[in-house]
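In full-length UniProt numbering, the protein residues as written are 10 to 323.
Have a look at the structure below before the remarks.
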Amino acid sequence: GGQGNGGVTAIAELTISSLPLETRCAPFPLRQHGGFWLPETFLPGLEAARARFEPRPSDVLLASFPKSGTTWLKALAFATLNRAAYPPSGEGHPLRRRGPHDCVQFLESALVVSDDMFASLPSPRLLSTHLPYSLLPEGVKADSSGCRIVYICRDPKDVLVSWWLFTKKALGTQDGPTNGGNKPMLSNGPYWRHVLEYWAESKRRPQKVLFLRYEEMTRETTSNVRKLAEFMGCPFSGEEEADGVPDAIVGLCSFDHLRSLEVNRNGANDFNIKNDSFYRKGVAGDWANYLSPEMAAQLDLVIDDELRSSGFSF
Ligand code: A3P
């Protein structure tokens, strides 16, 4: 207490400029911190969140690596958690007017560094993060805080291809992320470590961390939404099931529906990234149209090596 916002920012900047710098993940300069390569622009937000974020027992934090299904998870969780106030089939639903990224903000968002860090949001709060588990605010991780974490995991080859095309399209760079040694350099990476941390925690404390997979969600969307609702503490009632509420949420948040909305075709989010860049193809396995079998085999080799003896596989 007692420290002004300016003080926090100044201290964070001082530390940030001394961290190892990586510029091969165009257009984001990355800084190495806690064993991960994090976008420089989010580091003040990370510091502010760790210093000042106060978790509530009803908080739900959606965690993901960029390009692994963040937008979809935000839409599904938002629609599920807020279905009493906003019935999914209602014309006035917020997701019909605002993009999922504006409905669910990032914990480490630099935009909130100087204000009250989500304190004014009503409970239950829904927030998101691309931070690795180990760097989350301690209060969020503590059993005693009661707040819950949902992680979405995706096939690394699809994440890589999605990232590469996203940076080219949304951010207007000529090249996507380039090769870091024999491993692709992606913001918030290494990816395998990001996944492993959340996966290990979901095994240790399944009531604290729900681990979802993009591929399973594309195959069985409704049953995954039921799982999500139960985990968030708001399971669907028999009446809601009879009324088709879970399916209505799935329909509202489907790739084709979200992408067709005016806000997602022509709008931009608070970070000035065009909303349409978050909707590309939305399927599992599209990497095969971009990576040669040799490239895929090379990536598999790197990942198998990193996952060895972890007990986890994609
Ligand atoms: P592709 O590039 O493979 O199509 P993120 O939201 O984490 O940035 O991830 C973006 C990826 O999720 C993109 O993958 C995008 O098309 C896909 N996606 C976005 N909305 C989706 C939805 N409603 N359902 C399924 N996939 C979706």
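Glycine is no exception: its CB is placed at the ideal position from the N, C-alpha and C atoms.
Whose CB is closer than 7 Å to a heavy atom of the ligand A3P? List the residues in chain order. Ser73, Pro75, Lys76, Ser77, Gly78, Thr79, Thr80, Trp81, Ala84, Asp167, Val170, Ser171, Leu174, Phe175, Thr227, Cys262, Ser263, Phe264, Leu267, Phe287, Tyr288, Arg289, Lys290, Gly291, Val292 and Asp295
Expressed to the nearest angstrom, what Euclidean distance is found between the alpha-carbon atoms of Ala151 and Val159? 15 Å
Jot down the residue ranges of each uninterrupted beta strand (DSSP E) in the segment 146-182, minimum 3 residues, whole runs only, in chain order. 157-162
Thinking C-alpha only, which one of Asp111, Arg134 and Leu221 is nearest residue 327? Lying outside 10 to 323, the shown extent of the chain, residue 327 is not represented and no answer is given.
Cutting at 8 Å between CB atoms, please list the residues of its own chain near Arg235, excluding the five before and the five after it. Pro244, Phe245 and Pro255
Compute the Euclidean distance between the alpha carbons of Ser319 and Glu100, then round it to the nearest angstrom. 46 Å
Cβ shell of Phe115 (< 8 Å), same chain only, five flanking positions each side left out: Phe51, Gly54, Leu136, Ser137, Thr138 and His139
I need the straight-line Cα distance from Gln41 to Ala257, nearest angstrom please. 42 Å
Determine the extent of the beta strand (DSSP E) in which Leu130 is found, giving its start and end residues. That residue, Leu130, is in no beta strand (DSSP E); it is neither H nor E in DSSP.
Could you give the DSSP three-state label for Gly264: helix, strand or coil? Position check: residue 264 holds Phe in this sequence, whereas Gly was assumed. Correct three-state label for Phe264: helix.
So which of Lys290, Gly291 and Val69 has the shortest CA-CA distance to Gly148? Val69
Please report the Cβ distance between Asp167 and Gly294, rounded to the nearest whole angstrom; I am assuming they are in contact, meaning their Cβ atoms lie under 8 Å. 7 Å
Nearest by alpha-carbon distance to Trp296: which of Ser26, Ala60 and Val170 is it? Val170
On the DSSP bridge list, what partners appear for Thr138? Ala72
Just the Cα atoms here: how many angstroms apart are Gln307 and His110? 33 Å
So, at 7 Å on beta carbons, what are the nonlocal neighbours of Lys83 in its own chain, with the 5 sequence-adjacent residues on each side left out? Leu71, Pro109, His110, Cys112, Val113 and Ser137
Can you give the Cα-Cα distance for Glu49 and Ser118, rounded to whole angstroms? 11 Å
Taking the DSSP output, what are the residues bridged to Trp46? Gln41
Nearest to Gly253 by CA position, among Pro38, Ser98, Gly43 and Phe175, is which residue? Ser98
Euclidean distance between Cα positions of Lys217 and Thr32: 35 Å
With 16 as the cutoff for other CB atoms within 10 Å, does Arg213 come out buried or exposed? exposed
Would you identify the three-state DSSP class for Arg107, choosing helix, strand or coil? coil
Within the continuous alpha helix (DSSP H) that includes Val311, where are the two ends? Pro302 to Leu316
DSSP state of Leu219 mapped onto helix, strand, coil: strand
Report whether the distance from the Cβ of Ser153 to the nearest heavy atom of the ligand SAM is below 7 Å. Of the ligands this structure carries, namely the ligand A3P, none is the ligand SAM.
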